[in-house]
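Q: The following block contains the structure, expressed as structure tokens.
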Amino acid sequence: FAEMRSKFTQNATRRSLLASIASIYDLLGLISTITVKMIILHQKVCYAKCKWDELLPPDLMKEWKSILNEFKEIDSIEIDRNYCFDDPNDPITNVQIHSFSDASENMIAATIYGRFNLSAPKDVSDTFAIRSERRI
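Each residue of the sequence shown is one higher than the last, beginning at 990 in the numbering used here.
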């Protein structure tokens, strides 16, 4: 994410904001909490009738910089793409899929999680995000 974030400009214009949004490829929707904020900010920029190459107004610029700070925080997140336990000989006793959704005035979102349970002697479970989707 650091490489992607380095392409974002601190002093954004309508054009650079839209370019930043378009440059994000988040197939699984794992950072959609941030991309949604970017899209809603772009809507506000459009409603404010900002020109393409002029700097955003101070209130919208402050919101943009807040979003950039959130990108710094996700650099430390590690996403394990292994949907099962590390040892293929572990006896999986139960596989569950859980789905959650929520909506607000601005968007609707859903996330699907998977859960594996192991039998004795370990008696542990592991939960992971499979996919997240949002609509604005």
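Backbone N, C-alpha and C define an ideal beta-carbon position, used for all residues, glycine too. Small disclaimer: the values here were computed from a predicted structure and weren't measured.
Apart from the five residues on each side of it in sequence, which residues of its chain come closer than 7 Å, Cβ to Cβ, to Asp-1091?
A: Here the question's residue 1091 lines up with position 102 in the sequence shown. Closer than 7 Å at the Cβ level, and outside the excluded window around Asp-1091, lie Ala-1098.
Q: Quick check: the region 1078-1087 against the region 1056-1063, are there 3 or more CB pairs under 8 Å?
A: no
Q: Give me whichever residues DSSP pairs with Asn-1058 in a beta bridge.
A: Translated into the one-based positions of the sequence shown, residue 1058 becomes position 69. Asn-1058 is not bridged to any residue.
Q: Note down the Cα distance separating Val-1025 from Glu-1043, rounded to an integer number of angstroms.
A: Sequence index remark: in the sequence shown, residue 1025 carries index 36 (1-based). Sequence index remark: in the sequence shown, residue 1043 carries index 54 (1-based). Val-1025 and Glu-1043: Cα-Cα distance of roughly 23 Å.
Q: Which value, in whole angstroms, describes the spacing of the CA atoms of Ser-1093 and Asn-1078?
A: Position 104 of the sequence shown holds residue 1093. Position 89 of the sequence shown holds residue 1078. One C-alpha to the other measures close to 44 Å.
Q: State the beta-bridge partners of Val-1084 as determined by DSSP.
A: Looking up residue 1084 in the sequence shown gives position 95. Answer by DSSP bridge pairing, in chain order: Phe-1105.
Q: Using beta-carbon positions only, say whether Leu-1049 and Thr-1082 come within less than 8 Å of one another.
A: Working through the sequence shown from its first residue, we reach residue 1049 at position 60. Working through the sequence shown from its first residue, we reach residue 1082 at position 93. No, the pair does not count as a contact, with Cβ atoms beyond the cut-off.
Q: Let's test the definition: count the other Cβ atoms within 10 Å of the Cβ of Val-1034 and tell me whether it reaches 16, buried, or not, exposed.
A: Looking up residue 1034 in the sequence shown gives position 45. Buried, because 16 or more other Cβ atoms sit within 10 Å of the Cβ of Val-1034.
Q: Take Met-1096 and list the residues in its own chain whose beta-carbon comes closer than 7 Å to its own, dropping the five residues that flank it on each side.
A: What you label residue 1096 is simply residue 107 of the sequence shown in a count that begins at 1. Counting only Cβ-Cβ distances below 7 Å, and skipping sequence neighbours, we find Val-1025, Arg-1123, Arg-1124 and Ile-1125.
Q: Could you compute how far the alpha carbon of Arg-1120 sits from the alpha carbon of Trp-1041?
A: In the sequence shown, counting from the first residue as 1, residue 1120 sits at position 131. In the sequence shown, counting from the first residue as 1, residue 1041 sits at position 52. If I take the Cα positions, the gap works out to 34 Å.
Q: Quick one: what does DSSP say Asp-1048 is sitting in, helix, strand or coil?
A: Here residue 1048 corresponds to residue number 59 of the sequence shown, with the count starting at 1. Three-state result, Asp-1048: helix.
Q: Given that a residue counts as buried once 16 or more other Cβ atoms are within 10 Å of its Cβ, and exposed if not, what is Leu-1065?
A: Numbered from 1 along the sequence shown, position 76 holds the residue referred to as residue 1065. Contrary to the premise, residue 1065 reads as Ser rather than Leu in this sequence. By the neighbour-count rule (16 or more Cβ atoms within 10 Å), Ser-1065 is not buried but exposed.
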